[in-house]
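The numbering of the sequence shown is the numbering used here, which starts it at 18 and goes up by one. Beta carbons are placed, not taken as given, at the ideal position from N, Cα and C, and that holds for glycine. Predicted, not measured: the structure shown is a model, and the values here were computed from it. Each remark here refers to the structure printed beneath this line.
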Amino acid sequence: MSANERLPAMGGAVVIDAVDDLVREVHLRRGSGPEEDTAKSALAADLRRYFAGEHVDFSRYRVDLSRYTEFERAVLQETRRIPYGQTRTYGEVAKAIGRPAAARAVGLALGKNRTCILIPCHRVVATNGLGGFSGGIRWKEDLLALEGAR
């Protein structure tokens, strides 16, 4: 896998940072995408399929969790288990990791997620609405709509 790749997606761009088979970052950016799509990795191909509306299982990709605390890793690992097209609330994720009173801390941990889509933090929503998203609320809305989630 290339160290750094860009590909256009949903009126923006996806930037992939990986070393060998370890994905360090997947960022979503709005605005104009790259002039041409030159990404060649298997992950880039799977992301293209995902943005074309296909259900893609990203669990085969190793994600670098070394920079996170134990709590943050637990949140990210639990979030990675949320199936395509489904959502969980911050409170449900907190309860699933054994910290039922930590819904707000779950949101803070998800705000640090550097591998969106692979760890689908867009699938975690507030009890009374969407909640936040580090890539911007429009990305969250678009990704949930793409997956047919609420």
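Within 10 angstroms of its Cβ, does residue i collect 16 or more other Cβ (buried), or is it exposed?
i: Lys-157; result: buried
i: Ala-26; result: buried
i: Leu-137; result: This sequence places Pro at residue 137; Leu is not what is there. With 16 or more other Cβ atoms within 10 Å, it is buried.
i: Leu-39; result: exposed
i: Ala-62; result: exposed
In chain order, what residues of the same chain lie with their CB nearer than 6 Å to the CB of residue i, ignoring the 5 residues before and after it?
i: Pro-117; result: Ala-111
i: Arg-98; result: none
i: Arg-66; result: Val-73
So who's on the other strand from residue i, going by DSSP bridges?
i: Val-32; result: Arg-23 and His-44
i: Thr-132; result: Val-43
As a quick exercise: from the options, pick the residue whose alpha carbon is nearest that of residue i.
i: Leu-160; options: Gly-102, Asn-21 and Arg-90; result: Gly-102
i: His-44; options: Leu-64, Asp-37, Ala-59 and Ala-120; result: Leu-64
i: Ile-114; options: Thr-104, Arg-155 and Thr-96; result: Thr-96
Helix, strand or coil, according to DSSP, for residue i in the structure here?
i: Gly-108; result: helix
i: Thr-96; result: helix
i: Leu-39; result: strand
i: Gly-124; result: helix
i: Arg-155; result: helix
i: Ala-91; result: helix
i: Ala-143; result: strand
Starting from the C-beta of residue i, find all residues in its chain whose C-beta is less than 7 Å away, skip the five residues before and the five after it, and write them out in chain order.
i: Glu-89; result: Ala-126 and Lys-129
i: Ala-143; result: Thr-106 and Tyr-107
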